[in-house]
């Protein structure tokens, strides 16, 4: 398990299991029709889980990141789209509770996320920019205490269903591309025009279509901290850790099916097929490695980040959380490697199950799982990560791989 | 030393204005410095000043302004070379 079983769970007992069961029941239809997983998301709302990370004082569950990652994993076993939407929502909530609670507007937003189970989406990518989150063309246009923003986002996951968006933009009209802010845009504060459709081989229920967004609102909706800080301290680490939860969940379910397949085969032959079992062992080892890296960093994150709650935390250097350039490289390598490990594990599961795994549908099918896990190496592109992280590793001098 | 630093910034930092126009306490990240570019800047500073940046100085605080960079360079140079 990714979370400490000794820790008192703040959510209702069995909440995520119930929501995952609903998500699982509709996973094939969501994938087949590339539709929003409404049933799974509604089940999460019914359990209050969209407010899980909001501090208890503001009406949420005050969950740790490890608990949320464990929830992402359980949901990933059931339906990758539901899990990824849940993860992406929690990433935005993490930014709100980590950087916004000093202001009245964002404190009220946190209460509403918990109380009304608002679904929050992200608008970071931009037409003309590609996958570089730390660069924007569009700019916040200020006029006294009001602002307007016009942005073309090519990929806004669940954009049609979200209640509120956190969008990146240049801080003002003369700001360079990397001088960005994060601004909260409620759905009723913007006009959205659809660009294109989402028809991909996997993660089909995330409905990641593009939109042109024309927004206006109050200056209070702009998070005061530079987006560079929000990204480095919260958005990137939380993204990589929660995506890792989703991906290990997808891989775990695929391997569970492979194990079940081998057990069924063994009954027929009164012996476990040797080759398949060896392959299963190697594959389980892959996700154990992924889990171990996630668990260490989740524990260090929770030891050093309160996510807006009154949990006791220690300074980052004392809690094992990497600082400076090492934070970027550690979290980038984590994402890069977990994405690859989970893909390899699902592929192994398919090789164990053979035709039963390759088929769509059926108790041992892992076709959807393989299509879904392939997205992991593309969001953010693993090649981009390697190109930027490699030089950043060369610049560091700390000893490598010490226990 | 500060002039040498400003030359390095012009050559490696990718800022939106010439280094000669940047104030001592002006935020370089607001002028377009990215964390990826800080690696190139750092390596050029190490090469140009014959110093080594320890990992604990590899953070945004060190690279935030011309002033903070000069402070780090002087500290690493150690012998109080005149600016």
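Residue numbers (the numbering used here), protein chains in the order written: chain A, 1 to 403; chain B, 404 to 486.
Glycine included, each C-beta is placed from N, C-alpha and C at the ideal position.
Within chain B, the residues whose beta carbon sits less than 8 Å from that of residue 178 of chain A are 432, 435, 436 and 437, listed in sequence order. The CB of residue 461 of chain B comes closer than 7 Å to the CB of 324, 325, 395 and 396 in chain A, given here in chain order. Just measuring C-alpha positions, the residue of A/293, A/86 and A/107 sitting nearest residue 96 of chain A is A/107. Relative to the Cα of residue 210 of chain A, the nearest Cα in the group A/122, A/241, A/184 and A/103 belongs to A/122. Interface criterion not met: the Cβ of residue 273 of chain A is under 8 Å from no Cβ in chain B.
No Cβ-Cβ contact shorter than 8 Å links residue 207 of chain A with residue 289 of chain A. The C-beta separation of residue 180 of chain A from residue 125 of chain A comes to about 13 Å, leaving the pair out of contact by the 8 Å criterion. With a cutoff of 8 Å on beta-carbon distance, residue 352 of chain A and residue 279 of chain A are scored as near each other. DSSP places residue 342 of chain A in the uninterrupted alpha helix (DSSP H) bounded by 325-353. For residue 388 of chain A, the chain B residues whose Cβ falls inside 8 Å of its Cβ are 439, in order along the chain. Legend: CB atoms of the region 362-393 of chain A lying less than 8 Å from CB atoms of chain B belong to residues 388, 391 and 392. Residue environment: residue 143 of chain A is assigned as exposed (fewer than 16 neighbouring CB atoms within 10 Å of its CB, all protein chains considered). Taking 8 Å as the CB threshold, residue 328 of chain A lines the interface with chain B.
Taking a 10 Å sphere around the C-beta of residue 478 of chain B, we find fewer than 16 other C-beta atoms and assign the residue as exposed. Distance from the CA of residue 251 of chain A to the CA of residue 172 of chain A, rounded to the nearest whole angstrom, comes to 43 Å. The straight-line gap separating the alpha-carbon atoms of residue 403 of chain A and residue 330 of chain A is approximately 15 Å. Excluding five sequence positions before and after residue 152 of chain A, the CB atoms of its chain that fall closer than 6 Å to its own CB belong to 127 and 212, given in chain order. Of the residues assessed, residue 424 of chain B falls on the exposed side of the cut-off, its CB having fewer than 16 other CB atoms within 10 angstroms. Contact of residue 134 of chain A with chain B is assigned, a C-beta pair being separated by under 8 Å. Within the region 258-318 of chain A, complete alpha helix (DSSP H) segments of at least 4 residues are found at 274-304, given in chain order. Assigned with DSSP and collapsed to three states, residue 143 of chain A falls in strand. Taking a Cβ-Cβ cut-off of 8 Å, the neighbours of residue 226 of chain A in chain B comprise 432 and 433, given in sequence order. With respect to residue 461 of chain B, residue 475 of chain B sits apart: the two C-beta atoms are not nearer than 8 Å. Counting only runs of 3+ residues, the beta strand (DSSP E) found wholly inside the region 144-201 of chain A occupies 146-153, 164-170, 180-186 and 190-195, in chain order. Residue pairing by DSSP leaves residue 41 of chain A without any beta bridge partner.
When the alpha-carbon of residue 333 of chain A is set against those of A/130, A/388 and A/358, the nearest one is in A/388. For residue 123 of chain A, the enclosing beta strand (DSSP E) begins and ends at 120-123. Beta-bridge annotation (DSSP): residue 215 of chain A is paired with A/149 and A/190.
In the three-state DSSP reduction, residue 478 of chain B falls in the helix class (H, G or I).
In this chain, the alpha helix (DSSP H) harbouring residue 76 of chain A covers 65-78. DSSP, read as helix, strand or coil, puts residue 126 of chain A in strand. Residue 134 of chain A is positioned such that its CB atom lies no closer than 8 Å to that of residue 58 of chain A.
Proximity of chain A to residue 442 of chain B at the Cβ level (cut-off 7 Å) is accounted for by 391, 392 and 395, in chain order. Between residue 258 of chain A and residue 349 of chain A, the C-beta spacing is below 8 Å. Selection A/358, A/223 and A/287 evaluated against residue 147 of chain A yields A/223 as nearest (Cα-Cα).
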